[in-house]
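Okay, so here's the structure we're looking at.
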Amino acid sequence: MFRPMYYGGGKEDCDCPDESTSSPISSTSTQKPVTETIRYSYTCPASDWHLFTRGENHWCVKFFPSETHISINNASEICKQAESELTGLENDEERKSILDEAKLHIIEKLNQRSGAVALAGSRTQECQTTNGAVLQAAPCNDPTKVYVLPASAATNPDFMWKNWADKEPSFSQWSNGEYENCLQLFINPSDSKLNGKINDFYCARNVAPNDDTDTKYWNFGALCGREADMEGVF
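Sequential numbering from 1 applies to the sequence shown in full-length UniProt numbering.
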């Protein structure tokens, strides 16, 4: 018997694969997580503060002027009232910025021929002595080791110890037992051996005990510093 050719419509005589058992093609790719880079911005309390980078830290520095000459101890209190601490100088960029402001205040505004700015720093305990043999031996005779800066100053002291004024530190002593245990920055544009240089001075005095008219020792302000405010930016 003749059997007509089958042209589709069913599957009983079809040798085609069973589509009902086929599996869908699956993707083996995975989506990578999205990552965001956080950048940080650093700011100071106001525009009259200078923002400096010190190592991995960001530090705000400001010269707080005084209309009258003050002791270095008093200068420290001025900084604390501004929620900061006495600080030092880490490089020439910092020194130049402070010199300009201090000169404007001391020389031009107050009409003084010279003056100073109180800085952080103190003589090491072992070198606070009247024993000449100790003072003339290491480390007390080494201008890079006889003074230290407190951690609160957040300052690498290497720059300061290379910028002492001529014949300083002298570690002068007064008859009442006072020592020059603190530090100041000379502001004296007419004398290159003094201007912008570091000097050791009495912590509690606002004038030199041997000459209370010598204005180069008069602190007309404090150099204060504090950590910069940090904000994350996506």
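Glycine included, each C-beta is placed from N, C-alpha and C at the ideal position.
| Query | Result |
| --- | --- |
| Let me confirm a value: residue 205 is counted as buried when at least 16 other C-beta atoms fall within 10 Å, else exposed. Which label applies? | buried |
| Taking C-alpha atoms, which residue in 169, 190 and 178 lies nearest to residue 184? | 169 |
| Give the straight-line distance between the Cα atoms of residue 102 and residue 42, rounded to the nearest whole angstrom. | 25 angstroms |
| Using a Cβ-Cβ cutoff of less than 7 angstroms, which residues in the same chain neighbour residue 1 once the five nearest sequence positions on both sides are dropped? | Residue placement at residue 1 is flagged as unreliable, the pLDDT there being 42, under the threshold of 50; the coordinate-derived value follows with that caveat. Closer than 7 angstroms at the Cβ level, and outside the excluded window around residue 1, lies no residue. |
| Buried or exposed, going by whether 16 or more other CB atoms sit within 10 Å of the CB of residue 92? | exposed |
| What's the gap between the Cα of residue 200 and the Cα of residue 118? | 10 angstroms |
| Given a cut-off of 8 angstroms, decide if residue 154 and residue 53 are closer than it, judged by their beta-carbon atoms. | no |
| Could you give the DSSP three-state label for residue 182: helix, strand or coil? | strand |
| Round the Cβ separation of residue 167 and residue 188 to the nearest angstrom and send it over; I've been treating them as touching at under 8 angstroms. | Contact doesn't hold; Cβ gap of about 15 angstroms is too wide. |
| Within the segment 22 to 97, note down every full alpha helix (DSSP H) run reaching 4 residues or more, in order along the chain. | 72 to 81 |
| By the 10 Å Cβ neighbour count, where 16 or more other Cβ atoms means buried, how is residue 160 classified, buried or exposed? | buried |
| Just verifying my parser: in three-state terms, what is the DSSP assignment at residue 161? | helix |
| If we ignore side chains and look at the alpha-carbon of each, how far apart do residue 141 and residue 39 end up? | 46 angstroms |
| State the Cα-Cα distance for the pair residue 81 and residue 68, rounded to the nearest angstrom. | 18 angstroms |
| When the Cα of residue 145 is compared with those of 132, 115, 162 and 186, which residue comes out closest? | 162 |
| DSSP three-state label for residue 108, please. | helix |
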